[in-house]
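Novice: Sending over a structure as structure tokens; questions will come in a sec.
In the numbering used here, the protein residues as written are 5 to 861.
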């Protein structure tokens with residue numbers, strides 16, 4: 005029983021931290037802390053259920069077998085419950101995610117990659133332990149949280165071992181007493197015999213009382229077990245977000261294995277809502293026009309649509325497709341993905357902060373903090389409210405590259421590995437580009453290795469599922485340079501920390517971009533991911549390289565908020581410098597380049613303000629509401645990241661698009677998919693290859709033009725989500741809410757929301773349900789591999805040529821973590837049986853030896 009009590013206390017400690025502690029973003033993790041009472045009750049019911057089951061099975065086993073250690077098996081299960089609860093609490097705090105089986109596969113049970121993951125260049129081996137650095141960083145960021153956790157764990161362990169020692173001593177004394185009785189003289193044996201006779205002749209009332217106690221135990225056990233089974237069954241079968249928020253962590257873990265289901269009517273309603281709330285351009289239409297569309301999110305030019313749906317009314321009157329001759333010198337496209345990037349309000353221009361207009365004159369950033377990005381925003385177009393679709397990198401990066409939206413109870417990086425996706429690497433390769441990727445971190449760490457190497461030689465046994473996947477990147481670089489490689493890169497060789505700093509990867513990008521331009525008679529599509537702005541904002545380079553960018557104590561600051569801000573500002577300015585180096589290199593050597601700069605997700609840690617900065621804001625027309633940052637779903641630092649797009653070259657058609665918008669800042673809600681849709685359109689206009697897509701995005705240059713000229717915006721919904729926090733953005737409003745409950749707030753969608761002073765209102769139940777339906781459609785379509793098909797990129801499918809819809813799209817239902825869980829539980833059962841047989845064998849041997857001795861006497 006004390007094992008179950010210890011487990012309950014441990015889960016209560018972890019659950020209490022989840023409900024009443026702050027997340028990394030310094031806001032509440034749950035929307036309604038009153039649900040803690042229900043959560044405690046469900047944990048108590050669950051623990052009581054297994055405790056009673058343990059007692060009953062132990063009593064039954066003792067009558068049938070010889071002391072089978074049922075408690076051993078239950079103890080292993082209790083440990084799994086505690087582990088799942090700990091993972092859930094930490095994921096909730098750091099990532100706004102519930103624990104699911106897929107996190108175990110990403111971080112613990114990594115499988116062999118599906119594709120050959122050989123890098124283009126091999127370098128030195130890192131001497132840094134990534135796992136230990138991550139753990140140390142987690143502790144440093146929330147010292148009070150970890151003190152509470154460690155002290156609580158110490159008290160629970162003290163209670164557990166005290167009970168364990170008392171139990172062992174009690175059994176030892178009982179065994180010693182029995183042994184003493186057996187070795188006593190005949191008189192003592194006679195006395196013991198008389199005592200046994202007296203016990204056997206107890207009164208009827210005494211025996212009846214014992215019988216009633218046994219019946220009460222079995223009745224109580226039956227009632228508790230039945231109640232727990234009913235509660236768990238209801239939880240697994242009924243779609244109740246509030247119930248999920250209050251449920252024990254291991255229940256949510258089990259539920260993450262369920263494949264999303266939708267009735268025909270719900271699916272029809274969800275598809276109609278999706279298409280109604282996302283208005284396409286006049287020359288595009290939804291490609292699947294069947295009564296029940298299997299690919300509800302794919303759209304295409306009408307000539308492509310008619311290739312699949314020739315009976316549509318407009319097909320016969322389509323104008324002749326113009327012949328487009330691509331320019332001899334196609335522009336390069338470079339995408340820079342800044343790690344954990346949210347410029348605080350003090351990093352952006354005052355007029356941008358204070359204005360309530362949807363588009364303002366820029367630049368966006370201040371030269372004091374981000375001088376290079378300021379220059380780029382002066383030469384291009386900036387988007388202050390641009391957001392990622394998920395966080396951390398595990399979700400944000402994946403959604404950016406693939407176009408998928410994060411699942412509500414799963415992880416796309418693992419669950420979608422066989423899916424056809426509307427990814428931008430293979431899109432640009434089909435447009436005639438040579439592609440390359442520069443990374444600061446190993447790809448196996450968060451499951452990127454099954455994506456970044458897509459299309460390379462298969463290593464698995466599923467060629468039927470993977471052979472049709474096109475190649476993503478021609479060249480992939482991720483290495484710590486040796487001394488010789490450092491000379492080639494013209495950088496100083498240093499001792500690296502956890503990952504490769506921006507100073508090194510910026511040099512790698514320039515070096516290999518140059519080599520690719522010399523070797524390839526093609527434009528280059530290059531992606532460079534930075535890392536130094538990753539929390540806890542201490543950087544990845546040697547300290548000497550941060551000196552010229554230092555604010556306050558620089559990267560050596562403590563966890564005091566002001567010094568945390570200094571750390572972030574220091575590493576942000578450091579990253580800004582090397583982004584500027586790459587931009588200058590492109591301008592000077594390859595100016596025919598479109599450059600996109602955006603964050604993979606927000607900085608997460610808030611508020612990024614100092615007291616004196618708040619005072620300054622209060623003196624202006626804008627007001628700052630500190631409570632806004634700390635409300636459950638108010639802060640901007642989760643998804644909001646901002647972006648800039650610029651063109652450096654002389655292509656007149658491109659110059660015309662950018663010059664009229666130069667130094668403008670768009671403030672309405674936008675996201676990653678809008679930016680990718682923008683560079684899709686720019687490429688397609690030059691090549692004439694207009695391809696089908698499932699990217700739910702808008703052309704941001706057209707959006708900015710419409711805002712400038714006063715034209716209305718097309719209806720548009722975009723979703724950003726984790727399993728605990730969601731945002732749904734319309735064309736001009738952001739709705740923030742808990743994924744598992746309707747409590748949230750409406751914002752005007754103009755960043756920064758806590759500075760604008762706008763009134764905030766609770767969303768309604770109807771709004772929440774419509775948003776959940778929207779997310780459920782993504783869950784259902786993606787889990788069934790029906791968001792996109794690479795077959796839709798077949799350029800021959802252009803009316804009057806006819807094509808058939810893809811079939812046999814195979815969904816990947818991954819149960820590998822459950823297999824591991826089964827192995828663990830099976831090992832526990834096996835261990836219990838082995839111990840039982842060993843005990844039985846020892847007992848049998850002892851009895852046999854005793855019998856032989858008696859025979860000799």
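Quick reminder that beta carbons are idealized off the backbone N, C-alpha and C, glycines included. These numbers were taken from a predicted model, which means no experiment stands behind them.
Report the partner residues of residue 290 according to the DSSP bridge assignment.
Specialist: For the purposes of this step, residue 290 is identified with residue 286 of the chain shown, where counting begins at 1. The partner list for residue 290 (beta bridge, DSSP) reads 303.
Novice: Go through the segment 755–807 residue by residue and report every complete run of the alpha helix (DSSP H) that reaches 4 residues or more, in order.
Specialist: The alpha helix (DSSP H) runs lying completely inside the segment 755–807 and spanning 4 residues or more are 757–760, 769–787, given in chain order.
Novice: Any chance the segment 263–278 sits against the segment 774–785, with 3 or more Cβ pairs inside 8 angstroms?
Specialist: yes
Novice: Along the chain, where does the alpha helix (DSSP H) that runs through residue 259 open and close?
Specialist: As a working mapping, residue 259 is identified with position 255 in the chain shown. Start and end: 253–259.
Novice: Just grab the DSSP bridge partners of residue 336 for me.
Specialist: Start at 1 with the first residue of the chain shown, and residue 336 comes out as number 332. Residue 336 is bridged to 597.
Novice: From what residue to what residue does the alpha helix (DSSP H) around residue 23 run?
Specialist: Here residue 23 corresponds to residue number 19 of the chain shown, with the count starting at 1. Per DSSP, residue 23 belongs to the alpha helix (DSSP H) from 6–24.
Novice: Residue 163: which of 40, 442, 14 sits nearest, CA to CA?
Specialist: For the purposes of this step, residue 163 is taken as residue 159 along the chain shown, with counting starting at 1. Residue 14 is the option with its Cα nearest to residue 163.
Novice: Can you look up residue 341 in the DSSP assignment and give me helix, strand or coil?
Specialist: Here residue 341 corresponds to residue number 337 of the chain shown, with the count starting at 1. The answer is strand: DSSP assigns residue 341 an E or B state.
Novice: Measure the C-alpha to C-alpha separation of residue 532 and residue 341 and round it to an integer number of angstroms.
Specialist: As a first step, residue 532 is located in the chain shown; it is residue number 528 there, counting from the start. As a first step, residue 341 is located in the chain shown; it is residue number 337 there, counting from the start. Distance between the alpha carbons of residue 532 and residue 341 is about 6 angstroms.
Novice: Taking the DSSP output, what are the residues bridged to residue 584?
Specialist: The sequence position of residue 584 within the chain shown is 580, counting from 1. The partner list for residue 584 (beta bridge, DSSP) is empty, contrary to what the question assumes.
Novice: Excluding five sequence neighbours on each side, which residues of the same chain lie with their C-beta closer than 6 angstroms to the C-beta of residue 128?
Specialist: Translated into positions along the chain shown, residue 128 becomes position 124. Excluding sequence neighbours, residue 128 sits near 484, 486.
Novice: From the beta carbon of residue 746, is the nearest beta carbon of chain B less than 8 angstroms away?
Specialist: Among the chains of the structure shown, chain B does not appear; only one protein chain is present.
Novice: What runs of the alpha helix (DSSP H), each 4 residues or longer, lie entirely inside the segment 479–515?
Specialist: 487–493
Novice: Can you check DSSP and say which residues form a bridge with residue 649?
Specialist: What you label residue 649 is simply residue 645 of the chain shown in a count that begins at 1. Partner(s): 385, 600.
Novice: Suppose the cutoff is 6 angstroms on Cβ atoms and the five residues either side in sequence are ignored; what does the same chain contact list for residue 233 look like?
Specialist: By 1-based counting over the chain shown, the position of residue 233 is 229. If we look at residue 233 and ignore the five residues flanking it on each side, it has no Cβ neighbours.
Novice: Give me whichever residues DSSP pairs with residue 745 in a beta bridge.
Specialist: The sequence position of residue 745 within the chain shown is 741, counting from 1. Looking at the DSSP assignment, residue 745 forms a beta bridge with 742.
Novice: Does the pairing of the segment 496–512 with the segment 579–589 give three or more beta-carbon distances under 8 angstroms?
Specialist: yes
Novice: Output the distance between the C-alpha atoms of residue 438 and residue 81, rounded to the nearest integer angstrom.
Specialist: Taking the first residue of the chain shown as 1, we reach residue 438 at position 434. Taking the first residue of the chain shown as 1, we reach residue 81 at position 77. Rounded to the nearest angstrom, the two C-alpha atoms are 51 angstroms apart.
Novice: Using 8 angstroms as the cut-off, can you tell me whether the segment 688–696 makes contact with the segment 791–805, which would need three or more C-beta pairs spanning the two stretches below that distance?
Specialist: Because the criterion of three Cβ pairs below 8 angstroms is met, the segment 688–696 and the segment 791–805 touch.
Novice: What residues are listed by DSSP as bridge partners for residue 865?
Specialist: Nothing about residue 865 can be read from this structure; the chain reaches only from 5 to 861.
Novice: So is residue 168 buried or exposed if we call it buried at 16+ other beta carbons inside 10 Å?
Specialist: In the chain shown, counting from the first residue as 1, residue 168 sits at position 164. Residue 168 should be labelled exposed.
Novice: Could you compute how far the alpha carbon of residue 412 sits from the alpha carbon of residue 774?
Specialist: Numbered from 1 along the chain shown, position 408 holds the residue referred to as residue 412. Numbered from 1 along the chain shown, position 770 holds the residue referred to as residue 774. Rounded to whole angstroms, residue 412 to residue 774 spans 15 angstroms at the Cα level.
Novice: Quick one: what's got a C-beta closer than 6 angstroms to residue 606's C-beta in the same chain, skipping five residues either side?
Specialist: To locate residue 606, count along the chain shown from 1; it is residue 602. If we look at residue 606 and ignore the five residues flanking it on each side, its Cβ neighbours are 346, 641, 642, 643, 644, 645.
Novice: Would you kindly work out how many angstroms separate the C-alpha atoms of residue 126 and residue 544, rounded to a whole number?
Specialist: Start at 1 with the first residue of the chain shown, and residue 126 comes out as number 122. Start at 1 with the first residue of the chain shown, and residue 544 comes out as number 540. Residue 126 and residue 544 have their alpha carbons spaced roughly 20 angstroms apart.
Novice: First and last residue of the beta strand (DSSP E) that includes residue 325?
Specialist: As a first step, residue 325 is located in the chain shown; it is residue number 321 there, counting from the start. Residue 325 -> no beta strand (DSSP E), and no H or E assigned at all.
Novice: Distance, Cα to Cα, residue 258 vs residue 415?
Specialist: Against the chain shown, residue 258 aligns to sequence position 254. Against the chain shown, residue 415 aligns to sequence position 411. If I take the Cα positions, the gap works out to 14 angstroms.
Novice: Report the three-state DSSP secondary structure of residue 418 (helix, strand or coil).
Specialist: One-based indexing of the chain shown puts residue 418 at position 414. Under the three-state reduction of DSSP output, residue 418 falls in the helix class.
Novice: What residues match up with residue 665 in a beta bridge as DSSP calls it?
Specialist: Numbered from 1 along the chain shown, position 661 holds the residue referred to as residue 665. Answer by DSSP bridge pairing: none, since residue 665 is not bridged.
Novice: Given residue 462, which residues of its chain have a CB within under 8 angstroms of its CB, disregarding the five upstream and five downstream residues?
Specialist: Position 458 of the chain shown, counted from the start, is the residue given in the question as residue 462. Contacts found: 118, 119, 120, 470, 471.
Novice: Under 8 angstroms by Cβ, that's how I've got residue 21 and residue 152 pegged, so tell me the actual separation to the nearest angstrom.
Specialist: If you number the chain shown from 1, residue 21 lands on position 17. If you number the chain shown from 1, residue 152 lands on position 148. Right, the Cβ-Cβ distance comes to about 7 angstroms (below 8 angstroms), so this counts as a contact.
Novice: Let's test the definition: count the other Cβ atoms within 10 Å of the Cβ of residue 302 and tell me whether it reaches 16, buried, or not, exposed.
Specialist: Indexing the chain shown from 1 puts residue 302 at position 298. Result: buried.
Novice: Take the Cβ of residue 654 as the centre, count every other Cβ of all protein chains shown within 10 Å, and call the residue buried at 16 or more, exposed below.
Specialist: Here the question's residue 654 lines up with position 650 in the chain shown. Residue 654 should be labelled exposed.
Novice: Out of 475, 393, 216, which one is the CA nearest neighbour of residue 428?
Specialist: The residue given as residue 428 occupies position 424 in the chain shown. Ranking 475, 393, 216 by Cα distance to residue 428 puts 475 first.
Novice: Cα-Cα, which of 279, 295, 298, 246 is closest to residue 289?
Specialist: Along the chain shown, read from residue 1 onward, the residue named residue 289 stands at position 285. 279 is the residue among 279, 295, 298, 246 whose C-alpha sits nearest the C-alpha of residue 289.
Novice: Residues in the same chain with beta-carbon distance under 6 angstroms from residue 313, minus the five sequence neighbours each way, listed in chain order, please.
Specialist: In the chain shown, residue 313 corresponds to position 309, counting from 1. These residues qualify, in order along the chain: 293.
Novice: Would residue 395 and residue 100 qualify as a contact pair, given that the criterion is a beta-carbon distance under 8 angstroms?
Specialist: Taking the first residue of the chain shown as 1, we reach residue 395 at position 391. Taking the first residue of the chain shown as 1, we reach residue 100 at position 96. Yes, the pair counts as a contact, with Cβ atoms nearer than the cut-off.
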